[in-house]
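Undergrad: Let me give you the structure first, and then I'll get to my questions.
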Amino acid sequence: MADSVLELNIHVPLDSFALEIKTPFEKRVMGVFGPSGSGKTTLIETVAGLRRQATGFLKCGTHVWMDSAKQIYQHTEARHIGFVPQDHLLFPHLNVEQNLTFGVNRNSNEANMRSFEGIVEVLELRPLLRRSPAQLSGGEKQRVSLGRALCSNPQLLILDEPMASLDQRLRHRILPLLLKIKDHFQTPILIVSHSPFELQALCDEVIAIDRGKIVAKGRPEEVFTQPQLYQNFDGESFKNLISAIIVEQAEHTTQIRLGNAKTSPLLNMIKIDGKIEQKVLVGFPANDVIISNSFVTGVSARNQLQAKIEKIESLDHRLIVTTKLLGNPTQSVVVELTPNALEELKISQGDEIFILLKSSSITRYG
Amino acid sequence: MGNIPEIIFSTLIWALLSTTIVMAASIPLAYLLARKDFLGKRVVATLISLPLVLPPTAVGYLLLQLLSDNGPLGASMIGLDLNILFNWKGIVLACSVMSLPLVVRTMRVSFEEVNPRLEVMARTLGRSPLNTFFTVTIPLAARGILAAMILGFTRAIGEFGASMMIAGNIPGRTQTLSSAIYSAQQSGQMDKGLILLLIAIAIGFIAVFFTEYLSNPKSSKREKGVLNG
Numbered sequence: 001m002a003d004s005v006l007e008l009n010i011h012v013p014l015d016s017f018a019l020e021i022k023t024p025f026e027k028r029v030m031g032v033f034g035p036s037g038s039g040k041t042t043l044i045e046t047v048a049g050l051r052r053q054a055t056g057f058l059k060c061g062t063h064v065w066m067d068s069a070k071q072i073y074q075h076t077e078a079r080h081i082g083f084v085p086q087d088h089l090l091f092p093h094l095n096v097e098q099n100l101t102f103g104v105n106r107n108s109n110e111a112n113m114r115s116f117e118g119i120v121e122v123l124e125l126r127p128l129l130r131r132s133p134a135q136l137s138g139g140e141k142q143r144v145s146l147g148r149a150l151c152s153n154p155q156l157l158i159l160d161e162p163m164a165s166l167d168q169r170l171r172h173r174i175l176p177l178l179l180k181i182k183d184h185f186q187t188p189i190l191i192v193s194h195s196p197f198e199l200q201a202l203c204d205e206v207i208a209i210d211r212g213k214i215v216a217k218g219r220p221e222e223v224f225t226q227p228q229l230y231q232n233f234d235g236e237s238f239k240n241l242i243s244a245i246i247v248e249q250a251e252h253t254t255q256i257r258l259g260n261a262k263t264s265p266l267l268n269m270i271k272i273d274g275k276i277e278q279k280v281l282v283g284f285p286a287n288d289v290i291i292s293n294s295f296v297t298g299v300s301a302r303n304q305l306q307a308k309i310e311k312i313e314s315l316d317h318r319l320i321v322t323t324k325l326l327g328n329p330t331q332s333v334v335v336e337l338t339p340n341a342l343e344e345l346k347i348s349q350g351d352e353i354f355i356l357l358k359s360s361s362i363t364r365y366g
Numbered sequence: 367m368g369n370i371p372e373i374i375f376s377t378l379i380w381a382l383l384s385t386t387i388v389m390a391a392s393i394p395l396a397y398l399l400a401r402k403d404f405l406g407k408r409v410v411a412t413l414i415s416l417p418l419v420l421p422p423t424a425v426g427y428l429l430l431q432l433l434s435d436n437g438p439l440g441a442s443m444i445g446l447d448l449n450i451l452f453n454w455k456g457i458v459l460a461c462s463v464m465s466l467p468l469v470v471r472t473m474r475v476s477f478e479e480v481n482p483r484l485e486v487m488a489r490t491l492g493r494s495p496l497n498t499f500f501t502v503t504i505p506l507a508a509r510g511i512l513a514a515m516i517l518g519f520t521r522a523i524g525e526f527g528a529s530m531m532i533a534g535n536i537p538g539r540t541q542t543l544s545s546a547i548y549s550a551q552q553s554g555q556m557d558k559g560l561i562l563l564l565i566a567i568a569i570g571f572i573a574v575f576f577t578e579y580l581s582n583p584k585s586s587k588r589e590k591g592v593l594n595g
């Protein structure tokens, strides 16, 4: 069997419950979702080697970090972790450049230099190098903290609530940066968050934990459409997040393609900046989507996509309908409906439907 | 009675020696007290602080008892004459014991003020605990450590009671700035007493002024402003 990216089989006793996580992660960008007090922090501390009382088995790539049965326990400094804490934790007595190079890097000097330059470039840190951490804004500190973790050439990058400490405006700026890191560097990333949006935007695989146990696992859209996890969007509706490519720029609108294939569905949205073929991340709330059982004419919504109903789950007085787009079957779109609407439309699992979406409902996130 | 330059010189040398010994002992002690939990921590902390609250003469008397020929650390007990009493080594010992509590307490606070998560951060970046101590903890506590050192040094310069008990006040051998002031006053040498007094004030002023500066330099105020803003 191929090595998983991260393999966890850990047991950590806590005051009111025990953290027991047994799962392999197969994808490069992994997420851990859970409300506060669910054991998320304990989980990352265990992975980082900061919980000496943890027992079990822990492997990252080919490196065994902990194997209680064989009395193996790698200390934090031997694990090569790039940890980016919520509060950045920059060393106040060092300037930005010294912070970036503080990590012990096992690369050759030349490779080191190359990766340093690359990281400074990607994170746009050059103008900050001589500054002291006290002279940086919150967003700049975040970038330096990310850069410092990457400069140590880690085997695993751990991001603890990467957007929690930032205000709304900065969040929209850090997300594209995190996406850029995901694309630019091949480092496996473990993201811990209480925000489904963050995990959905970044992760390929997510586990949801509660009181120390895994309650769901899968692709983010699979996990967050489960009824017990659905209502975690900070009071907002579930957001469909889709990566797309700009295909046409018109005077007032931008046309994007949802997927790489020529036949992938197209969407029109209110004009955004960007070149043709540029990758973007867009999203729209599940409760802004209209479903029809046939193609609709004489309607203001600019987008009608064909999709197939995959699953229908009920939650309170709503239905959560997960659909797969025809033309890009890997892409699902979640729609919120009332039970009456479903009855009236006479649709059920497996049926093909049309998804109607206003251009103005679509927001760009990255 | 020894001459003034000689008194000043030997006082400074003895205080420096004592400060060196005290610093070497205080850094690990203060760090342990600040960061680790161990059995008997309170007892250790209390014992270290004891000289601060005891009459200096009592501490001197205790050292005298410990180091006298038949004492627990005496020549006949350990089979080796440490030859500490009534020479310069006695002065250095008395100064060290009396300044240790002050130095450890000040330094402990400065270690406690270093965010332990920054130390954890250094570990995740591949630094060993010892390396972390020297590259993160010490630099971040540096101001407090320096302040503690100055306090220890001035306490050593001013030491009188305990040194009188174990080293005496022998001109040319164990006379210090403070015991020389005492002798000058006792023997009516007012001019010499006055000069020694002025020198003591000058040393004290420089030390306290520097400590004040360390605890509140202008640059750190500016940094705080940026942080809060």
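So the protein sequences, as listed, match chains A and B.
Take the first sequence: its letter number 275 is residue 275 in the numbering used here, and every next letter is one higher.
Throughout, the numbering used here is defined as the position within the second sequence, counted from one, plus 366.
Don't be surprised by glycine CBs; every beta carbon is placed ideally from N, CA and C.
In whole angstroms, give me the CA-to-CA distance for ILE373 of chain B and GLY538 of chain B.
TA: For ILE373 of chain B and GLY538 of chain B, the distance between alpha carbons rounds to 8 Å.
Undergrad: With distances taken between CB atoms, is the gap from PHE500 of chain B to TYR397 of chain B smaller than 9 Å?
TA: Result no, Cβ atoms of PHE500 of chain B and TYR397 of chain B do not sit closer than 9 Å.
Undergrad: With respect to the beta strand (DSSP E) encompassing ASP160 of chain A, which residues constitute its N-terminal and C-terminal limits?
TA: Start and end: 156 to 160.
Undergrad: Are three or more beta carbon pairs between the region 77 to 94 of chain A and the region 156 to 172 of chain A nearer than 8 Å?
TA: Yes, the region 77 to 94 of chain A touches the region 156 to 172 of chain A.
Undergrad: With C-beta atoms as the reference, is ILE565 of chain B less than 9 Å away from ALA381 of chain B?
TA: The answer is no: Cβ separation not under 9 Å.
Undergrad: In chain B, which residues lie less than 9 Å from GLU97 of chain A when you measure between Cβ atoms?
TA: None at all; the shortest Cβ gap to chain B is about 15 Å.
Undergrad: Got a sec: is the Cβ-Cβ distance from SER152 of chain A to anything in chain B below 9 Å?
TA: Chain B, which has a Cβ nearer than 9 Å to the Cβ of SER152 of chain A, makes this yes.
Undergrad: Below 9 Å between beta carbons: does that hold for ASP210 of chain A and GLY34 of chain A?
TA: Contact flag set, yes.
Undergrad: State the CB to CB distance for the pair ALA149 of chain A and LEU175 of chain A, rounded to an integer number of angstroms; the pair is presumed to be in contact (CB under 8 Å).
TA: Their Cβ separation, rounded to whole angstroms, is 17 Å, which puts ALA149 of chain A and LEU175 of chain A out of contact at 8 Å.
Undergrad: Please determine, among A:LEU305, A:HIS184, A:GLU26, the residue with the shortest C-alpha to C-alpha distance to LEU8 of chain A.
TA: Nearest of A:LEU305, A:HIS184, A:GLU26 to LEU8 of chain A, Cα basis: A:GLU26.
Undergrad: In chain B, which residues lie less than 7 Å from GLY103 of chain A when you measure between Cβ atoms?
TA: Within chain B, the residues near GLY103 of chain A are LEU491, GLY492.
Undergrad: Can you list the beta strand (DSSP E) stretches of 3 or more residues lying completely in the region 188 to 213 of chain A, in chain order?
TA: For the region 188 to 213 of chain A, whole beta strand (DSSP E) runs of length 3 or above, ordered along the chain, are 189 to 193, 205 to 210.
Undergrad: Determine which residues of the region 502 to 518 of chain B have a Cβ less than 7 Å from any Cβ of chain A, and write them out in chain order.
TA: Here the close residues are VAL502, PRO505, LEU506.
Undergrad: Taking LEU146 of chain A as the reference, which of A:GLU124, A:GLU248, A:ARG130 has the closest Cα?
TA: Nearest of A:GLU124, A:GLU248, A:ARG130 to LEU146 of chain A, Cα basis: A:GLU124.
Undergrad: Quick check on ARG489 of chain B: buried or exposed, where buried means 16 or more other Cβ atoms within 10 Å of its Cβ?
TA: Buried, since its Cβ has 16 or more Cβ neighbours within 10 Å.
Undergrad: Go ahead and label ALA244 of chain A buried or exposed: buried means 16 or more other beta carbons lie within 10 angstroms of its beta carbon, across all protein chains shown.
TA: It is buried - the Cβ of ALA244 of chain A has at least 16 other Cβ atoms within 10 Å.
Undergrad: Examine chain A for any beta-carbon lying closer than 9 Å to the beta-carbon of ASN481 of chain B, and answer yes or no.
TA: Cβ-Cβ to chain A under 9 Å: yes for ASN481 of chain B.
Undergrad: In chain B, which residues lie less than 7 Å from ILE81 of chain A when you measure between Cβ atoms?
TA: Near ILE81 of chain A (Cβ distances below 7 Å), the residues of chain B are THR490.
Undergrad: Counting contacts by CB-CB distance shorter than 9 Å, is ARG148 of chain A in contact with chain B?
TA: Output row for ARG148 of chain A: interface = yes.
Undergrad: Apart from the five residues just before and just after ALA546 of chain B, which ones in its own chain have a Cβ nearer than 6 Å to its Cβ?
TA: Only ILE373, LEU562 meet the Cβ criterion.
Undergrad: On the CB-based measure, 16 or more other CB atoms within 10 Å of its CB, does THR542 of chain B come out buried or exposed?
TA: Buried, since its Cβ has 16 or more Cβ neighbours within 10 Å.
Undergrad: Residues of chain B with CB under 7 Å from LEU89 of chain A, in chain order?
TA: Result: ARG483, LEU484, MET487.
Undergrad: Compare the C-beta of PRO92 of chain A against all C-beta atoms of chain B and say whether one is closer than 9 Å.
TA: Yes, PRO92 of chain A lies at the interface with chain B (some Cβ there is under 9 Å from its Cβ).
Undergrad: Return the CA-CA distance between GLU336 of chain A and LYS324 of chain A, expressed in angstroms with no decimal places.
TA: The alpha-carbon atoms of GLU336 of chain A and LYS324 of chain A are separated by roughly 14 Å.
Undergrad: Going by CA-CA distance only, name the one from A:GLU121, A:ARG28, A:ALA18 that's closest to TYR219 of chain A.
TA: With the sequence shown as reference, residue 219 of chain A is identified as Arg, and Tyr is not the correct amino acid for it. The residue with the shortest Cα to Cα distance from ARG219 of chain A is A:ARG28.
Undergrad: In this structure, does DSSP put ARG539 of chain B in helix, strand or coil?
TA: Of the three classes helix, strand and coil, the one that applies to ARG539 of chain B here is coil, per DSSP.
Undergrad: Out of A:PRO265, A:ARG318, A:ASP288, which one is the CA nearest neighbour of ALA307 of chain A?
TA: When only C-alpha atoms are compared, the closest one is A:PRO265.
Undergrad: Does the Cβ of VAL334 of chain A have 16 or more other Cβ atoms within 10 Å, making it buried, or fewer, making it exposed?
TA: With 16 or more other Cβ atoms within 10 Å, it is buried.
Undergrad: Measuring alpha carbon to alpha carbon, tell me which of B:GLU479, B:LEU428, B:ARG493, B:MET464 ends up nearest ILE387 of chain B.
TA: ILE387 of chain B has its Cα closest to that of B:MET464, out of B:GLU479, B:LEU428, B:ARG493, B:MET464.
Undergrad: I want to know whether the region 36 to 56 of chain A touches the region 6 to 23 of chain A - three or more CB-CB distances under 8 Å.
TA: Contact holds: three or more Cβ-Cβ distances are below 8 Å.
Undergrad: In angstroms with no decimal places, state the Cα-to-Cα distance between GLN53 of chain A and LEU19 of chain A.
TA: If I take the Cα positions, the gap works out to 11 Å.
Undergrad: Of the choices A:THR363, A:LEU58, A:LEU315, whose alpha-carbon is the least far from that of ALA69 of chain A?
TA: Selected option, being the one with the closest Cα: A:LEU58.
Undergrad: Please confirm if HIS184 of chain A has its CB atom under 9 Å from at least one CB of chain B.
TA: Judged by the 9 Å Cβ criterion, HIS184 of chain A is not in contact with chain B.
Undergrad: In chain order, what are the residue ranges of uninterrupted alpha helix (DSSP H) at least 4 long that sit wholly in the region 500 to 547 of chain B?
TA: As far as the region 500 to 547 of chain B is concerned, its whole alpha helix (DSSP H) runs of at least 4 residues are 504 to 524, 527 to 533.
Undergrad: GLY39 of chain A to ASN260 of chain A, Cα distance in whole Å?
TA: Their Cα atoms are separated by approximately 38 Å.
Undergrad: Output, in chain order, the set of chain B residues within a Cβ distance shorter than 7 Å of ALA48 of chain A.
TA: Chain B residues near ALA48 of chain A: THR490.
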